[in-house]
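A.B. asks: In my numbering, the protein residues as written are 1 to 127. This is the structure I want to talk about, given as structure tokens.
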Amino acid sequence: HDESVNKVKIVKNEILQKKIEKRGEQLSKNQYQNNVFFIRPAKNLDDMKDEAKQQNNCVYKNYSESYANGETDIYFLRKVNKPEKSLVTVEVCNGKIRQERQKYNKDTTESQKKFLEKWEKEVLKVA
């Protein structure tokens with residue numbers, strides 16, 4: 001029984017991984033940057049795990065499946081000079097930012113908020 005359960009989990013993760021990779025490719029058209037920040041979609045399951053770990057948030061646990069199934073869009077805001085360090089996790093629904101949170105679900109800074117507003121207006125509203 002345990003072996004069967006493990007096989008189901010492996011297959012489920014493989015399917016989820018492929019769907020997330022496809023979503024990341026589809027949403028890559030919405031990438032955006034200025035001289036300080038850039039924003040990009042989640043690329044794969046490990047990407048979402050890493051974001052959750054860095055941010056101490058629930059993006060991996062609570063949003064992986066809905067992202068994979070196209071029910072919500074997940075993006076990561078980073079600094080251009082530190083592309084691996086997470087700053088803000090962003091959820092987008094129907095072309096609008098639903099939530100934007102820093103580590104431990106703190107509010108975004110004024111400069112982060114301005115960047116995200118410009119991205120929403122210039123990229124998401126156009127897409």
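Even for Gly, the Cβ is constructed at its ideal location relative to N, Cα and C. Computed from a predicted structure; not experimentally measured.
#1: Of the residues E65, K114, V123, E21, which one's Cα is nearest the Cα of N44?
#2: Within 8 Å, do at least three Cβ pairs link the region 45–53 to the region 96–110?
#3: Apply the 10 Å Cβ neighbour rule to I74 and answer buried if 16 or more other Cβ atoms are within range, or exposed otherwise.
#4: Under 7 Å from any heavy atom of the ligand MG, does the C-beta of Q17 make it?
#5: Can you check DSSP and say which residues form a bridge with L77?
#6: Between the Cα of T109 and those of R23, E122, K79, spot the shortest distance and give me the residue it belongs to.
#7: Could you check what DSSP says for Q26 in three-state terms: helix, strand or coil?
C.D. replies: Concretely, from the data shown:
#1: Walking along the sequence shown from the start, residue 44 turns up at place 44. Here the closest residue by C-alpha is E21.
#2: no
#3: Taking the first residue of the sequence shown as 1, we reach residue 74 at position 74. Result: buried.
#4: This structure lacks the ligand MG, and indeed carries no ligand of any kind.
#5: Position 77 of the sequence shown, counted from the first residue, corresponds to residue 77. According to DSSP, which records beta bridges pairwise, L77 is partnered with I39, V88.
#6: Residue mapping note: residue 109 aligns to position 109 of the sequence shown, counting from 1. Per the Cα distances, K79.
#7: For the purposes of this step, residue 26 is taken as residue 26 along the sequence shown, with counting starting at 1. In the structure shown, Q26 sits in a helix (DSSP, three-state: H, G or I).
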